[in-house]
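Input: a single structure, listed below in structure tokens.
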């Protein structure tokens with residue numbers, strides 16, 4: 001029995017006994033769901049629980065399913081993690097793309113502009129509607145995506161990890177926008193793996209596990225412990241495993257390292273077995289620091305780099321890999337994986353020499369190495385021949401990690417290593433980080449998740465506009481200190 005919201009608001013959508021199979025695999029089995037006007041209903045579960053499939057069914061994208069869905073005549077709009085905007089087009093044209101008002105055979109530009117201005121006014125979005133979308137910050141792009149939904153008169157909006165690329169201040173603005181949408185009578189189905197975000201926004205929470213409905217509860221009545229137990233089927237005693245580092249000699253030394261126009265005078269001595277957290281707001285230069293260090297800008301870098309006391313010249317990703325450096329980027333789908341290839345081939349991409357002992361590719365060796373990583377990292381798949389694009393986000397991230405671990409790195413650069421990953425997979429990644437540091441690997445980690453930074457870092461470096469504004473030992477690091485430094489206040 002679904003729990004009821006206390007305000008008795010009108011029901012916008014109901015789903016009953018929803019089921020879906022892909023071949024012999026049952027991905028949804030007897031799932032109920034309900035959405036009311038003016039509520040945020042969080043849909044939660046581990047990666048692979050069936051959330052994405054349910055969303056496609058509720059939005060009408062997938063019409064071949066068991067059970068019933070009744071949206072009661074309400075239009076449903078989906079805002080995906082990867083926005084559907086066309087960067088080269090104006091904000092106005094994006095809002096009405098494919099549904100442009102016309103007068104006879106001609107575009108009715110005046111009507112379109114007036115309607116776009118009206119919708120943006122409702123969202124308190126003050127922008128030049130003629131400006132190409134590529135010139136706007138991610139937070140503005142999010143609002144344009146919502147404006148697009150409102151232009152369809154959507155009363156039901158599905159949001160899939162909408163804050164994954166937003167900074168903390170941008171998230172605050174976005175949460176205010178959600179409150180505005182609730183007040184206007186919209187119902188929001190919200191997917192997020194961020195616990196603090198879920199409990200800040202949710203009126204109700206529904207949890208799926210392995211395609212089955214586990215429960216629905218009012219957020220105020222569901223403890224975090226019970227919530228996690230619903231999701232993963234077991235107690236998670238601690239969100240973060242304990243860090244007990246045993247530090248070795250200096251592994252990576254940077255002196256006045258920089259990328260012209262992006263990062264300046266970055267100096268650091270990182271020891272074997274150490275996790276260095278890198279914090280900063282959007283535009284801080286943290287990702288550019290990693291790109292420069294890994295050779296993405298070629299030799300267009302400055303300063304001195306030493307690995308194990310030996311001078312290292314940055315030239316290209318190839319030379320950085322040869323120097324036993326690995327880089328997990330912040331966008332696994334774009335720069336971490338080839339989605340159309342299988343697991344085994346993705347894992348071998350950065351270490352082809354290791355599966356080509358005599359200059360010829362050994363499929364057997366490639367498969368065996370992939371199976372070993374699959375077991376070690378607990379990658380959930382039908383086999384290493386499964387296409388990576390079919391995997392859940394958490395398992396895709398594990399494939400990226402396996403790819404770089406196969407290169408046998410001494411230095412591991414992690415840019416948002418748990419972005420878009422469920423709570424169970426996050427814990428597994430944290431445990432992996434601890435195992436790697438016990439083996440002497442040095443980890444540099446960029447994260448916008450403050451609890452993750454504070455729990456997993458031995459030291460935290462804070463960047464603002466490409467410059468270090470603070471270096472905080474673990475015992476002295478606080479959220480307030482990090483945020484102040486990230487906004488440009490130089491620590492004393």
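Numbering (the working numbering), first residue to last: 1 to 492. Just so you know, even glycine gets a beta-carbon here, dropped at the ideal spot from N, CA and C.
- Here residue 253 has 269 and 306 as same chain residues with Cβ atoms under 6 Å from its own Cβ, once five neighbours each way along the sequence are excluded.
- Excluding the 5 residues flanking it on each side, residue 178 has same chain C-beta neighbours closer than 7 Å at 40, 188 and 201, in chain order.
- Your pair residue 101 and residue 112 checks out as a contact, with CB atoms roughly 5 Å apart and the cut at 8 Å.
- Just so you know, the alpha carbons of residue 46 and residue 23 end up roughly 22 Å apart.
- Note on geometry: alpha-carbon atoms of residue 64 and residue 20 lie some 8 Å from one another.
- A contact between stretches requires three or more CB pairs, one per stretch, nearer than 8 Å, and the stretch 426-442 fails this requirement with the stretch 341-359.
- Spanning the alpha carbons of residue 467 and residue 413 requires a straight line of approximately 19 Å.
- By the Cβ-count criterion, residue 408 is exposed, with fewer than 16 other Cβ atoms from all chains shown falling within 10 Å of its own Cβ.
- In the structure shown, the three-state DSSP call for residue 441 is coil.
- A buried status is given to residue 190, since no fewer than 16 other beta-carbon atoms sit within 10 Å of its beta-carbon.
- Counting the other CB atoms within 10 Å of its CB gives residue 358 a total below 16, which places it among the exposed residues.
- The beta carbon of residue 60 sits closer than 7 Å to those of 76, all from its chain and outside the five residues before and after it, given in chain order.
- The stretch 75-95 makes contact with the stretch 140-158: 3 or more CB pairs, one atom from each, lie closer than 8 Å.
- Note that the stretch 288-296 touches the stretch 317-335; at least 3 beta-carbon pairs, one per stretch, sit closer than 8 Å.
- Residue 481 carries a helical assignment under DSSP once its states are collapsed to helix, strand and coil.
- Distance from the CA atom of residue 385 to the CA atom of residue 193, rounded to whole angstroms, is 28 Å.
- Its Cα nearest to that of residue 273, the residue 251 stands out among 147, 279, 251 and 67.
- For residue 467, the enclosing beta strand (DSSP E) covers residues 467-473.
- Taking C-beta atoms as the reference points, residue 185 and residue 37 count as a pair closer than 8 Å.
- Annotation: residue 473 to residue 458 spans about 7 Å, alpha carbon to alpha carbon.
- Under the 10 Å beta carbon count, residue 107 is surrounded by fewer than 16 other beta carbons and is classified as exposed.
- In the three-state scheme derived from DSSP, where H, G and I count as helix and E and B as strand, residue 253 is classed as strand.
- A check of alpha carbon separations from residue 378 across 475, 389, 103 and 425 identifies 425 as the nearest.
- Residue 199 sits in a helix when the DSSP states are folded into three classes.
- Residue range 25-36 is occupied by the beta strand (DSSP E) that includes residue 36, with no alpha helix (DSSP H) assigned at that position.
- In the DSSP assignment, residue 365 falls within the alpha helix (DSSP H) that extends over 363-377.
- Excluding residues up to 5 positions away in sequence, 395 lie with their Cβ nearer than 6 Å to the Cβ of residue 380 in the same chain.
- In terms of Cα proximity to residue 8, the closest of 84, 151, 142 and 203 is 203.
- For the pair residue 208 and residue 51, the CB atoms are nearer than the 8 Å cut-off.
- Counting only runs that start and end inside the stretch 103-129, the alpha helix (DSSP H) elements of at least 4 residues fall at 109-122.
- DSSP places residue 93 in the helix class (H, G or I) of the three-state scheme.
- Fewer than three Cβ pairs drawn from the stretch 474-492 and the stretch 308-316 lie within less than 8 Å of each other, which leaves the two stretches out of contact.
- Linking residue 486 to residue 469 through their CA atoms gives a straight-line distance of about 7 Å.
- Annotation: the continuous beta strand (DSSP E) that includes residue 215 extends over 212-218.
- 8 Å or more divides the Cβ of residue 151 from the Cβ of residue 174.
- Within the model, the alpha-carbon separation for residue 215 versus residue 206 is close to 6 Å.
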